[in-house]
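Structure first, commentary second.
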Amino acid sequence: MAFSYVTHLSCSKCSRAYCPDAVHHLCSCGAPLLVNYDVRKLAKILKPNDLLKRNHDLWRYHELLPIRSPKNVVSLGEGMTPLVPMKKLGAEIGISHLYMKDEGMAPTGTFKARGAAVGVSKAKELGIKGLVMPTNGNAGAAWSLYSSRAGIQSVIIMPEGAPSMIRSEVTSTDTHLFLVNGVISDAGKIAAKAATDFRLYDVSTLKEPYRIEGKKTMGFEIAEQLLWETPDVILYPAGGGVGLIAIYKAFKELQELGWINSTKMPRFVAVQAEGCAPIVKAWKNKKGESEFWPDSRTVAFGINVPKALGDFLVLQAIYETNGCALDVKDKEILKEQKNIIRKEGAFVCPEGAAAFLAARKLRDSGWIEEDERVIIINTGMGLKYMNKEFMDLPVLQPGESIDSLPVMQ
Ligand SMILES: *Cc1c(COP(=O)(O)O)cnc(C)c1O
Ligand SMILES: [Zn+2]
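Residue numbers (our numbering): 24 to 432.
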């Protein structure tokens, strides 16, 4: 039995095929490449129960990942994050089956570890010695750590405004970190030039076909954790939207495998911030692609992406599943984040909080029904964002006592 059932890469727009054993970025038509597998053949020999004895990480799905040889796997144990029931919050919002897929539990504190694990492993398999990546922060942190583990040199370019903790995550490795006085698209242009100038492997979102495969495992896990039942709604805080495209791809592959209902798809919801909502705008206007969003800004910096290369794939996933796209206000995101932490003890990140807030709004409008099974992707750990409002504390002197406390119940 092969370790991977990868067959070829194919263009997401024109379907042109490429070999997965050579370095490729975009199709000659400019669109991203997606990885294909011989799912039919795999369906004959692999059954859901075969997974039960495997490790609790994303490599349990190695047949549907692009790495040919297990010796190239670079892993920190990523994957199999918990699917946490959110009963109190669900009761407050009016959704009786509300779950959080908690990606804050991943190495490096965000789901970016999944993309990095698979992307870096494949880079190693392809013989890459150095790579360059533009990032809002979390992807850069993940790729720099996984690159260190793989012995691959990395150059990361991120906006000056990225949280300082994420910067230090990168500078704690031997990665070359550059800051840019701009947004991720500015970093992208610098990265593209550096890639040619210094012969580096450009791993910008979707310019490299393998990161999405790592993110895809979130979809496999959700299905496995629900005992191969399909949820009704999945809400995702979308920047580049890769995670959403990836989870949709996972569900399609599981249908082809015959492991889940072949007619039911979850409705996908792309959640963005009011200060950067190009996909929401395109969806509202029934467009197939988004337009560049000028002066983008939001506290949920992981979703500050003014124009995504894969926007048309995100929109396709939404249209094909009768999903929707929704934007939410920064102020309300922070309020919801605090509410979730206080009510459920879950230290979600602002991006995750945005998705919870969207669920609340969609329940209020009736788009989500009370008894539907709803999954929120909490993409990262709230601890990575040093929020000033959580740090304003009284300081006692040694020997001093506590004057008063509100009555505890
Ligand atoms: C990168 C990131 C996102 C957005 O992910 P995409 O798949 O690129 O849309 C959301 N939340 C956090 C915390 C992130 O780091
Ligand atoms: Zn093409």
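Ideal placement from N, C-alpha and C gives every residue a C-beta, glycine not left out.
When you measure from the CB of residue i to every non-hydrogen atom of ligand 2, does any distance come out below 7 angstroms?
i: LYS230; result: no
i: ALA300; result: no
i: CYS34; result: yes
Hey, how far is the Cα of residue i from the Cα of residue j?
i: LEU380; j: ALA300; result: 15 angstroms
i: PRO317; j: PRO329; result: 7 angstroms
i: LYS78; j: ILE364; result: A small correction: the amino acid at residue 78 is Asn; Lys does not occupy that position in the sequence shown. Looking at the two C-alpha atoms, the distance is approximately 30 angstroms.
i: LEU74; j: LEU250; result: 12 angstroms
i: TRP166; j: ALA369; result: 26 angstroms
i: TYR342; j: GLY242; result: 18 angstroms
i: SER208; j: ALA162; result: 14 angstroms
i: ARG63; j: LEU357; result: 46 angstroms
i: LYS147; j: ILE175; result: 8 angstroms
i: ARG190; j: SER170; result: 16 angstroms
i: ALA54; j: VAL96; result: 27 angstroms
i: GLY117; j: ILE180; result: 42 angstroms
i: LEU57; j: ALA114; result: 40 angstroms
i: PRO260; j: GLY375; result: 7 angstroms
Please go through the same chain and pick out, in chain order, the residues whose beta-carbon is closer than 8 angstroms to the beta-carbon of residue i, but skip the five residues on each side of it.
i: PRO186; result: GLY160, PHE324, LYS407, TYR408, MET409
i: GLY311; result: ALA305, PHE335, LEU338, GLN339
i: ILE151; result: VAL46, ILE175, TYR224
i: PHE221; result: GLY153, VAL155, VAL178
Just grab the DSSP bridge partners of residue i for me.
i: HIS120; result: ARG396
i: CYS372; result: Per DSSP, none; premise fails for CYS372.
i: ALA129; result: Paired residue(s): none; ALA129 is not in a bridge.
i: ILE464; result: This structure gives no information on residue 464, because the portion of the chain shown stretches from 24 to 432.
i: ALA323; result: Paired residues: none, contrary to the question.
i: PHE291; result: ILE257
i: ALA40; result: SER33
i: TYR60; result: VAL29
i: MET404; result: VAL371
i: TYR233; result: In DSSP, TYR233 forms no bridge with anything.
i: PRO108; result: TYR122
Pick from the options: whose alpha carbon is nearest that of residue i?
i: THR458; options: GLY138, GLU148, ILE151; result: The structure shown does not extend to residue 458, since the chain spans only 24 to 432, so no value can be given for it.
i: MET156; options: GLY132, LEU106, LEU229; result: LEU229
i: ASN284; options: PRO421, TYR259, ASP255, PHE291; result: ASP255
i: GLU14; options: THR344, ALA377, GLY346; result: Since the first residue shown for the chain is 24 and the last is 432, residue 14 is missing from the structure and cannot be characterised.
i: THR344; options: PRO373, GLU115, ARG290; result: ARG290
i: PRO232; options: LEU88, TYR259, PHE134, TYR271; result: LEU88
i: ARG83; options: ASN401, VAL141, PRO55, ASP353; result: VAL141
i: VAL178; options: LEU32, SER227, LEU121; result: SER227
i: VAL107; options: LYS272, ARG396, LEU428, ILE90; result: ARG396
i: PRO43; options: PHE274, CYS52, SER33, SER51; result: SER33
i: ASN120; options: ILE257, GLY153, ALA173, VAL292; result: Inspection of the sequence shows that residue 120 is occupied by His rather than by Asn. Looking at the Cα atoms, ILE257 is the closest of the given residues.
i: GLU192; options: LYS145, ALA164, HIS85; result: ALA164
i: ILE245; options: ILE399, SER319, ASN327; result: ILE399
i: LYS309; options: ARG172, ILE425, LYS287, GLY346; result: GLY346
i: GLU276; options: LYS135, THR253, LEU168, ASN362; result: THR253
Apart from the five residues on each side of it in sequence, which residues of its chain come closer than 6 angstroms, Cβ to Cβ, to residue i?
i: ALA269; result: ILE235, LYS238, LYS239
i: LEU385; result: ILE391
i: PHE315; result: PRO329, LYS330
i: ASP61; result: TYR28, THR30
i: ALA273; result: LYS239, GLY242, PHE243
i: ALA218; result: VAL155, ASP225
Going by the C-beta, is residue i closer than 7 angstroms to any heavy atom of ligand 1?
i: GLU374; result: yes
i: GLY262; result: yes
i: GLY184; result: no
i: VAL206; result: no
i: LYS67; result: no
i: LYS124; result: no
i: ALA140; result: no
Suppose the cutoff is 7 angstroms on Cβ atoms and the five residues either side in sequence are ignored; what does the same chain contact list for residue i look like?
i: PRO105; result: ASP125, MET128
i: ASP350; result: GLN295, ALA296, GLU297, ALA300, VAL303
i: GLU367; result: MET109, LYS111, LEU112
i: GLN278; result: SER285
i: LEU168; result: THR131, THR196
i: GLY100; result: ASP80, PRO130
So is residue i in contact with chain C if we call contact Cβ pairs under 8 angstroms?
i: LYS67; result: The question asks about chain C, but that chain is absent: this structure has only one protein chain.
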